[in-house]
Amino acid sequence: MINHLDKISGKKILVTGGLGFIGHNLVKTLVNQYNCSVIVVDNCVNSDPSILGDDLNKINFQKISVLETEKLFPLFVDVNFIFHLACKQISASGKDPLDDMRVNAESTLLILEFIKNNKLANLERFVYTSSCSVYGSAASLPVTENDATIVLSNYAATKLLGENYTLIYNRSYGLPTSSVRYSNVYGYGQSPRNPYCGVLGKFIHNALINETLNIFGDGEQTRDYTFITDAVDATILAATHPKALGDVFNVGTGVETSVNKLAEIINNYTKNIKIENVPERDIDNIRRRSIGVEKIHQILGWSPKVNVRKGIEETLNWYKTTL
Ligand SMILES: NC(=O)c1ccc[n+]([C@@H]2O[C@H](COP(=O)([O-])OP(=O)(O)OC[C@H]3O[C@@H](n4cnc5c(N)ncnc54)[C@H](O)[C@@H]3O)[C@@H](O)[C@H]2O)c1
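The numbering used here puts the first residue of the sequence shown at 440, with every later residue one more than the last.
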């Protein structure tokens, strides 16, 4: 059987947002596991190069914005794959909607236009990283790629726009593109100092330093938590698998976990955690979420390997050695 992941080995790759949570894990995997030559583009609004540790010496880091196209586009010349992960995070998107639109959608359109208008002989795939937030409050769970999108935040609107541009440039102009829709990714290297850090990163960090875990609302809201190594594998497969071309794939687990349950699992490991229920934010408008992963399983042969208990244990161990 062909191992489609291995097809990335030795390739020349550009990762936007490559210092972010998912981005730096992807970069580390590409460099250390697949011996790739990697250019990282990140303006550090939400990250720091030190996140890559010694691996910083193994990559070509460009501190630029994805909107600085005159500096960005020359970097595309001979790359084989572009992974577009630079983003305005959900909790910041409503406060600065124009910047949200520019970073999440306009940058994508600019890149696709450049690819369309210039012969990039070596480019094998452009991968856009979208979000399951595009499903909003779906009527039935788990949501599949065939379900309607119901955008409930600026972020969801602009991620869907970026994703649609990515698909259109394949359908209309034959560009080699694909997209993934992640669901609540967590794991190694999620900085708790980052104000946009996901709930699990914050909970685990606070539990380990004996600080209060703030639960927005009653804690019975659910999400589908995807471990970082699974998300990285799915992203690479979306780039290398021939059947991912021109398509979009959910990346999740199909399992719903409430915020209260997360706190309970963490408490099994750390004991005596302190919890406080605080009022919900305006972005807390989705009550339940689980993500169908049948399509990515059937077409790309991917399924999640790490369940939420194991993933929390791995993340706790990582924080213990890093804090
Ligand atoms: N983490 C999740 O659970 C999740 C869920 C759904 C979708 N996503 C998507 O996955 C991708 C990566 O998410 P993440 O969690 O790693 O986010 P992150 O915020 O940790 O990383 C984003 C990176 O982009 C950089 N950036 C922001 N604006 C930029 C600009 N104008 N130019 C260059 N760099 C810029 C930031 O400095 C940061 O390093 C994003 O596209 C996001 O929408 C993530």
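Where a beta carbon is used, it is the ideal one built from N, C-alpha and C, also for glycine.
Remember, predicted model here, so these are calculated numbers, not experimental data.
Does any heavy atom of ligand 1 sit closer than 6 Å to the C-beta of S767? A query on residue 767 cannot be resolved here, the shown segment of the chain reaching from 440 to 762 and no further.
Rounded to whole angstroms, what is the Cα-Cα separation between L469 and L562? For L469 and L562, the distance between alpha carbons rounds to 17 Å.
Starting from V516, follow the alpha helix (DSSP H) in both directions and report where the run begins and ends. First-last for V516: undefined, no H or E at that position.
Since T679 and K451 should fall inside the 8 Å C-beta cutoff, what is the C-beta to C-beta distance between them, to a whole number of angstroms? Not really, about 14 Å apart at Cβ, beyond 8 Å.
8 Å contact criterion, which E695 and R727 should meet: CB distance rounded: Confirmed, Cβ separation roughly 6 Å.
Ligand 1 and T528: does the residue's C-beta get closer than 6 Å to at least one heavy atom of that ligand? Note that residue 528 corresponds to Gln in the displayed sequence, not to Thr. Yes.
N699 - partner residues in DSSP beta bridges: Per the DSSP secondary-structure output, N699 pairs with nothing in a beta bridge.
Using a threshold of 7 Å, state whether the C-beta atoms of N496 and I478 are closer than that. In terms of Cβ geometry, N496 and I478 do not form a close pair [threshold 7 Å].
Is the beta carbon of Y625 closer than 7 Å to that of G601? With respect to Y625, G601 sits apart: the two C-beta atoms are not nearer than 7 Å.
On the DSSP letters alone, give me the boundaries of the beta strand (DSSP E) that E715 sits inside. Start and end: I714 to V717.
Y604: first and last residue of the uninterrupted alpha helix (DSSP H) it sits in: Counted as a single uninterrupted DSSP element, the alpha helix (DSSP H) harbouring Y604 occupies residues N593 to R610.
Assuming L652 and K713 make a contact with CB atoms under 8 Å, what is their CB distance in whole Å? With a Cβ gap of about 7 Å, L652 and K713 count as contacting.
State the beta-bridge partners of F460 as determined by DSSP. Residue pairing of F460 in beta bridges, as defined by DSSP: absent, with no partner found.
Return yes when the Cβ of I730 is within less than 7 Å of the Cβ of D663, no when it is not. A contact, by the Cβ cut-off of 7 Å.
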